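Asker:
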Amino acid sequence: MPEHTNRTAVVTGATSGLGLEAAAQLADAGYASVIITARTEGKAEAALAKLRAGRTADVFQALTVDLDDLASVASAADVLAARDGQIDVLLLNAGIAPTNRVRKTADGIEATTAATLTGHHVLTMRLLEAGLLSDRARIIIAGSEAARGDFPMFKPIDIDNLAAEDFDGDLETAIEALMRMQAPIKYHPNNQYATVKMFAVWWAAELAKKLPRGMTVNVVSPGSTPATNGARNAPFLMRWVIVPIVKLIPGMSHTVSDGAGRYLQATKFGPERTGQFLASKPKKGTGPLHTIEMEHFDNPAAQQALWNVTTKITGGVGYPA
Ligand SMILES: NC(=O)c1ccc[n+]([C@@H]2O[C@H](COP(=O)([O-])OP(=O)(O)OC[C@H]3O[C@@H](n4cnc5c(N)ncnc54)[C@H](OP(=O)(O)O)[C@@H]3O)[C@@H](O)[C@H]2O)c1
């Protein structure tokens with residue numbers, strides 16, 4: 002029997018890959034309402050059609066959100082506020098793989114940062130401020146093994162070194178330069194991705210300190226899941242050489258169902274598990290979820306600085322206000 006009747010989940014970036022599959026798994030787990038987000042009406046309709054096919058009960062609704070556009074995020078939060086009932090699971094899944102060239106939003110935020118962090122920050126803060134998350138809400142943001150720094154070709158920035166060398170020791174200025182990809186930072190697609198996923202870990206650690214008791218926030222990596230749409234913007238080598246090789250080597254990747262299953266697992270964590278980063282065990286990209294504890298994640302000054310910068314560059318949207 003499904004366990005979660007009457008519960009509502011919101012899944013961002015559910016037009017393909019892990020988000021689409023997670024929405025399906027939430028419905029199959031008995032969620033009474035699964036609200037997916039898509040960047041356009043057309044993508045929303047296509048995703049809804051896939052989700053509804055073969056299912057008798059229709060629990061799906063769609064919301065148009067472009068996380069690159071903070072006004073669009075605020076409008077989506079207003080739409081959610083206008084409906085009855087609270088949200089039990091907020092799955093902040095949307096994200097993009099490293100892109101060949103730097104791309105920035107109209108607000109001057111680097112695209113990987115916008116899709117993973119700043120858009121999700123605004124959405125989460127608005128929902129919290131409006132009291133739309135239930136007392137035991139589970140907030141889950143997509144992480145990546147790349148943030149660990151032990152995965153080939155991906156290195157998150159050493160923020161203390163960067164700040165000391167180029168920003169007179171000022172963590173906030175260093176973080177903002179990374180988020181806006183400003184000189185003297187040099188763009189390296191994979192390292193920017195790893196850095197932004199490390200930012201997600203700091204963000205969750207800081208938000209966990211602020212949430213009311215009972216509500217949790219965790220970062221969950223879906224693990225190495227090459228059969229999504231994720232590599233479509235990736236540099237040539239990643240898309241046409243690395244990803245196909247990863248698909249072929251046993252143990253180097255798992256299915257989209259396995260990847261999304263990790264999110265589902267995290268929806269069932271108790272209230273004591275919050276502010277954590279869960280991913281494959283060190284040096285692995287698949288297998289059971291482990292709590293990752295590494296020195297570069299446990300950096301309270303960086304967590305606070307990241308929070309302050311995220312709040313500042315999203316126009317002062319923080320929590321509590
Ligand atoms: N696949 C993996 O091996 C892997 C490993 C670790 C972590 N992850 C993480 O898992 C998450 C899902 O990735 P995936 O592999 O399933 O990729 P995917 O198939 O490309 O799905 C990404 C989803 O995010 C949406 N999205 C991207 N940027 C957005 C924006 N600015 N505003 C709104 N929606 C946006 C996409 O919408 P559009 O269709 O409109 O672009 C799509 O629905 C990402 O956060 C990724 O970093 C993936």
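Take the position in the sequence shown, starting the count at 1, then add 1; the result is the number in the working numbering.
Even for Gly, the Cβ is constructed at its ideal location relative to N, Cα and C.
Note that the structure is predicted; figures quoted are calculated from it, not measured.
Strictly by DSSP, which residues pair up with H291?
Answerer: For the purposes of this step, residue 291 is identified with residue 290 of the sequence shown, where counting begins at 1. Answer by DSSP bridge pairing, in chain order: A280.
Asker: Using only alpha-carbon positions, find the residue among G260, V218, P245 that is nearest to M126.
Answerer: If you number the sequence shown from 1, residue 126 lands on position 125. Comparing Cα positions, the closest option is V218.
Asker: If you draw a straight line from the alpha carbon of H122 to that of G319, how long is it in whole angstroms?
Answerer: Position 121 of the sequence shown holds residue 122. Position 318 of the sequence shown holds residue 319. Approximately 8 Å, taken between the alpha carbons.
Asker: Can we count T113 as close to ligand 1, meaning its CB is less than 6 Å from some heavy atom?
Answerer: The residue you call residue 113 lines up with position 112 of the sequence shown. No; taking the cut-off as 6 Å, the Cβ of T113 has no heavy atom of ligand 1 nearer than that.
Asker: What I want to know is whether the C-beta of P223 ends up closer than 6 Å to one or more non-hydrogen atoms of ligand 1.
Answerer: Mapped onto the sequence shown, residue 223 falls at position 222. Correct: P223 has its Cβ closer than 6 Å to ligand 1.
Asker: Using a Cβ distance threshold of 8 Å, determine whether the stretch 294-301 contacts the stretch 255-268, with at least three qualifying pairs required.
Answerer: Touching, no, given that fewer than three Cβ pairs across the two stretches are closer than 8 Å.
Asker: Do A178 and I186 have their C-beta atoms closer together than 7 Å?
Answerer: The residue you call residue 178 lines up with position 177 of the sequence shown. The residue you call residue 186 lines up with position 185 of the sequence shown. The answer is yes: Cβ separation under 7 Å.
Asker: Give the single residue among L208, R137, M239 whose Cα lies nearest to the Cα of G271.
Answerer: The sequence position of residue 271 within the sequence shown is 270, counting from 1. Per the Cα distances, R137.
Asker: What I want to know is whether the C-beta of D69 ends up closer than 6 Å to one or more non-hydrogen atoms of ligand 2.
Answerer: This structure does not include ligand 2; its bound ligands are ligand 1.
Asker: Please find out if some non-hydrogen atom of ligand 1 comes closer than 6 Å to the beta-carbon of G14.
Answerer: In the sequence shown, residue 14 corresponds to position 13, counting from 1. Yes, ligand 1 has a heavy atom inside 6 Å of this Cβ.
Asker: Check for me: the alpha helix (DSSP H) holding L21 runs from which residue to which?
Answerer: Position 20 of the sequence shown, counted from the first residue, corresponds to residue 21. Per DSSP, L21 belongs to the alpha helix (DSSP H) from 18-29.
Asker: In the DSSP assignment, what residue or residues form a beta bridge with L64?
Answerer: Sequence index remark: in the sequence shown, residue 64 carries index 63 (1-based). In the DSSP output, where bridge partners are listed per residue, L64 has T38.
Asker: When every heavy atom of ligand 1 is checked, does at least one fall within less than 6 Å of the C-beta of R181?
Answerer: Counting from 1 along the sequence shown, the entry for residue 181 is found at position 180. Not so, every heavy atom of ligand 1 lies at least 6 Å from the Cβ.
Asker: Given a threshold of 16 other Cβ atoms within 10 Å of its Cβ, counted over all protein chains shown, does V220 qualify as buried or as exposed?
Answerer: Taking the sequence shown and counting its residues from 1, the one referred to as residue 220 is at position 219. With 16 or more other Cβ atoms within 10 Å, it is buried.
Asker: Would DSSP call S222 helix, strand or coil?
Answerer: As a working note, residue 222 is residue 221 in the sequence shown. If DSSP states are grouped into helix, strand and coil, S222 belongs with coil.
Asker: Suppose the cutoff is 8 Å on Cβ atoms and the five residues either side in sequence are ignored; what does the same chain contact list for G86 look like?
Answerer: The count along the sequence shown starts at 1 and reaches residue 86 at position 85. Correct list, in chain order: T9, S34.
Asker: Taking only the alpha-carbon atoms, compute the straight-line gap between E46 and A63 and give it to the nearest angstrom.
Answerer: Along the sequence shown, read from residue 1 onward, the residue named residue 46 stands at position 45. Along the sequence shown, read from residue 1 onward, the residue named residue 63 stands at position 62. Rounded to whole angstroms, E46 to A63 spans 8 Å at the Cα level.
Asker: Helix, strand or coil: which one does DSSP assign to I110?
Answerer: On the sequence shown, residue 110 is found 109 positions in, with the first residue counted as 1. Three-state result, I110: coil.
Asker: Do A30 and L21 have their beta-carbon atoms positioned less than 7 Å apart in this structure?
Answerer: Numbered from 1 along the sequence shown, position 20 holds the residue referred to as residue 21. Numbered from 1 along the sequence shown, position 29 holds the residue referred to as residue 30. No; because the gap between Cβ atoms is not below 7 Å, this pair is not in contact.
Asker: Under 7 Å, do G96 and T117 count as touching if we go by C-beta distance?
Answerer: In the sequence shown, residue 96 corresponds to position 95, counting from 1. In the sequence shown, residue 117 corresponds to position 116, counting from 1. Yes.
Asker: Return yes when the C-beta of L19 is under 6 Å from any heavy atom of ligand 1, and no when it is not.
Answerer: Your numbering for residue 19 matches position 18 in the sequence shown. Yes, ligand 1 has a heavy atom inside 6 Å of this Cβ.
Asker: Nearest-angstrom Cα distance between A175 and K44?
Answerer: Position 174 of the sequence shown, counting from 1, holds the residue named residue 175. Position 43 of the sequence shown, counting from 1, holds the residue named residue 44. Rounded to the nearest angstrom, the two C-alpha atoms are 36 Å apart.
Asker: If you follow the alpha helix (DSSP H) that D167 is in, where does it begin and where does it stop?
Answerer: Your numbering for residue 167 matches position 166 in the sequence shown. Looking at the DSSP string, the run of the alpha helix (DSSP H) that includes D167 is 160-167.
Asker: For A28, which residues in the same chain have their Cβ closer than 8 Å to its Cβ, ignoring the five residues on either side in sequence?
Answerer: Position 27 of the sequence shown holds residue 28. Answer for A28: V35, L52, R56, A58, V60, F61, listed in chain order.
Asker: Check whether the Cβ of I36 sits closer than 6 Å to any heavy atom of ligand 1, and report yes or no.
Answerer: As a working note, residue 36 is residue 35 in the sequence shown. False, no ligand heavy atom lies under 6 Å from that Cβ.
Asker: P157 to P190, Cα distance in whole Å?
Answerer: Residue mapping note: residue 157 aligns to position 156 of the sequence shown, counting from 1. Residue mapping note: residue 190 aligns to position 189 of the sequence shown, counting from 1. About 11 Å.
Asker: Could you have a look at S76 and say whether DSSP puts it in helix, strand or coil?
Answerer: In the sequence shown, the residue the question calls residue 76 occupies position 75. Three-state result, S76: helix.
Asker: Report yes if the C-beta distance between A228 and V257 is below 7 Å; otherwise report no.
Answerer: Numbered from 1 along the sequence shown, position 227 holds the residue referred to as residue 228. Numbered from 1 along the sequence shown, position 256 holds the residue referred to as residue 257. Taking 7 Å as the Cβ cut-off, A228 and V257 qualify as a contacting pair.
Asker: If you follow the beta strand (DSSP E) that I140 is in, where does it begin and where does it stop?
Answerer: For the purposes of this step, residue 140 is taken as residue 139 along the sequence shown, with counting starting at 1. Per DSSP, I140 belongs to the beta strand (DSSP E) from 134-143.
Asker: In terms of alpha-carbon separation, which member of L49, H291, A143 lies closest to T226?
Answerer: Here the question's residue 226 lines up with position 225 in the sequence shown. The shortest Cα separation from T226 among L49, H291, A143 belongs to A143.
Asker: Could you tell me if the beta carbon of I333 falls within a distance shorter than 6 Å of some heavy atom in ligand 1?
Answerer: What is shown of the chain runs 2 to 322, which leaves residue 333 out entirely.
Asker: Return the first residue and the last residue of the beta strand (DSSP E) that T119 is part of.
Answerer: What you label residue 119 is simply residue 118 of the sequence shown in a count that begins at 1. Where T119 is concerned, there is no enclosing beta strand (DSSP E), given that its DSSP letter is neither H nor E.
Asker: Which residue's Cα is closest to the Cα of S17: N230, T315, L249, S76?
Answerer: Here residue 17 is taken as the residue at index 16 of the sequence shown, counted from 1. Ranking the options by Cα distance to S17, first place goes to N230.
Asker: With DSSP as the reference, identify every bridge partner of K51, one or two as the case may be.
Answerer: Taking the sequence shown and counting its residues from 1, the one referred to as residue 51 is at position 50. Its beta-bridge partners do not exist; DSSP assigns none.
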